[in-house]
Every structure is written in structure tokens, then in C-alpha cells.
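In the working numbering, the protein residues as written are 1430 to 1479.
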């Protein structure tokens, strides 16, 4: 979760160009888990040649 406990991880994610969006409870047949959604802007990704 995004909180003071993982401030180091959040700092690394920001340096990689990731933006925090939200936290939510993900549910499926195997159970429930807390999840965190981040966005990565296309400009932060390396250029790929296909």
C-alpha cells in the first residue's frame, strides 16, 4: 500500500516514471488480495523496434 512504510519503494517507482493511481481489493476464485495500481507513461518506456 502507498504509505510511509514503503516510501523507498515509492521513490524508486517515481524515478522510473510510475504514477500512483489507487489501492483496491482484488478478488478472484483463489481469494482476495490488496492491490496497488500504478500508471507508466509511454515516454518513460524504452523505445522498442518491431
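Ideal placement from N, C-alpha and C gives every residue a C-beta, glycine not left out. Just so you know, these numbers come straight off a predicted model, no measurement behind them.
Going by Cα to Cα distance, which pick from 1451, 1443 and 1441 is closest to residue 1463?
-> Taking the first residue of the chain shown as 1, we reach residue 1463 at position 34. Checking every option, the nearest Cα to that of residue 1463 belongs to 1451.
How long is the line joining the alpha carbons of residue 1466 and residue 1456, rounded to whole angstroms?
-> As a first step, residue 1466 must be located in the chain shown, where it is residue number 37. As a first step, residue 1456 must be located in the chain shown, where it is residue number 27. Cα-Cα distance, rounded: 14 Å.
Residue 1458 (DSSP reduced to helix, strand or coil) | Within the chain shown, the letter at position 29 stands for residue 1458. In the three-state reduction of the DSSP assignment, residue 1458 falls in the coil class, being assigned neither a helical nor a strand state.
Do you know how far the Cα of residue 1459 is from the Cα of residue 1440?
-> As a working note, residue 1440 is residue 11 in the chain shown. As a working note, residue 1459 is residue 30 in the chain shown. Whole-angstrom Cα-Cα distance: 31 Å.
Strand pairing of residue 1471, partner residues [DSSP] | Locating residue 1471 in the chain shown gives position 42, where the first residue counts as 1. In the DSSP output, where bridge partners are listed per residue, residue 1471 has none listed.
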